[in-house]
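Working notes, structure below.
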Amino acid sequence: MDKIDRRILNILQHNARISMTELAEHVGLSTTPITERVKKMEREGIIEGYFTRINPQAIGQDLLVFVEIKLASKSGDIFDEFRRAVIKVPEILECHLVSGEYDYLIKARLNDMSEYRNMLGAILLQLPAARESRSYVVMEEIKESMTLNLD
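Residues 3 to 153 (the numbering used here) make up the sequence shown, in order.
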């Protein structure tokens with residue numbers, strides 16, 4: 003990946019709806035090589051996809067919560083079982099296996115606190131080997147970004 007590819011990626015991650023013609027103008031190449039570069043980055047998995055970013059408050063999903071989960075057991079296939087179960091929960095936006103006192107860090111977006119209490123009791127603490135949880139309700143979102151630093 004060269005400087006031109008990085009410039010293309012930087013533009014696309016700020017405006018994925020830009021036309022190839024406009025992208026070519028910004029980069030200073032013709033449309034054909036720009037299109038070829040973008041397609042190559044898609045094939046290589048550098049560009050994983052394009053999506054629409056929705057304002058969560060506009061659709062009533064006002065509650066953002068982070069949850070740490072500690073597993074009761076760390077033997078056998080428990081990590082795979084946990085992973086398969088988490089993938090099925092649409093409210094969970096992210097789930098990461100982490101080092102430290104807890105095993106997983108989950109990011110979830112919900113409508114309100116009662117919906118979160120229900121998800122915690124009925125879903126999260128029922129996940130395979132989930133023993134303990136610690137929750138952090140977000141009071142104010144300071145920064146949330148999907149753009150990567152390409153400099």
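We put the CB at the ideal spot given by N, CA and C, even for glycine.
Exercise. Is the beta carbon of Ala110 less than 8 Å from the beta carbon of Ile89?
Worked result: Residue numbering aside, residue 110 sits at position 108 when the sequence shown is read from its first letter. Residue numbering aside, residue 89 sits at position 87 when the sequence shown is read from its first letter. No, they are not a contact pair.
Exercise. Looking only at its own chain, which residues have a Cβ that is under 6 Å from the Cβ of Pro58, when we skip the five neighbours before and after it?
Worked result: Numbered from 1 along the sequence shown, position 56 holds the residue referred to as residue 58. Contacts found: Arg111.
Exercise. So, is Ile71 buried or exposed, given that buried needs 16 or more other C-beta atoms within 10 angstroms?
Worked result: Stepping through the sequence shown from its first residue, residue 71 is reached at position 69. Classification for Ile71: buried.
Exercise. Quick one: is Val139 buried, meaning 16 or more other Cβ sit within 10 Å of its Cβ, or exposed?
Worked result: Looking up residue 139 in the sequence shown gives position 137. Exposed is the call here.
For this session: Tell me whether Arg111 sits in a helix, a strand or coil according to DSSP, three-state version.
Result: On the sequence shown, position 109 is the one that residue 111 refers to. Reduced to three states, the DSSP call for Arg111 is strand.
For this session: With a 10 Å radius around its C-beta and 16 neighbouring C-beta atoms as the bar for buried, classify Phe53 as buried or exposed.
Result: Working through the sequence shown from its first residue, we reach residue 53 at position 51. Exposed, because fewer than 16 other Cβ atoms sit within 10 Å of the Cβ of Phe53.
Exercise. So what's Glu117 in DSSP terms, helix, strand or just coil?
Worked result: Taking the first residue of the sequence shown as 1, we reach residue 117 at position 115. The answer is helix: DSSP assigns Glu117 an H, G or I state.
Exercise. If you run the structure through DSSP and keep just helix, strand and coil, what is Arg45?
Worked result: In the sequence shown, the residue the question calls residue 45 occupies position 43. Here Arg45 sits in helix by DSSP.
Problem set entry | Rounded C-alpha distance that separates Leu66 from Asp114 | By one-based count along the sequence shown, residue 66 stands at place 64. By one-based count along the sequence shown, residue 114 stands at place 112. Taking the straight line joining both Cα atoms gives about 9 Å.
Exercise. Which runs of the alpha helix (DSSP H), 4 residues or longer, sit entirely within the stretch 10-43?
Worked result: 22-29
For this session: Determine the extent of the beta strand (DSSP E) in which Arg55 is found, giving its start and end residues.
Result: Taking the first residue of the sequence shown as 1, we reach residue 55 at position 53. Segment: none, Arg55 is in no beta strand (DSSP E) and carries neither H nor E.
Problem set entry | Identity of the residues DSSP links to Tyr104 by a beta bridge | Sequence index remark: in the sequence shown, residue 104 carries index 102 (1-based). Beta-bridge pairing links Tyr104 to no other residue.
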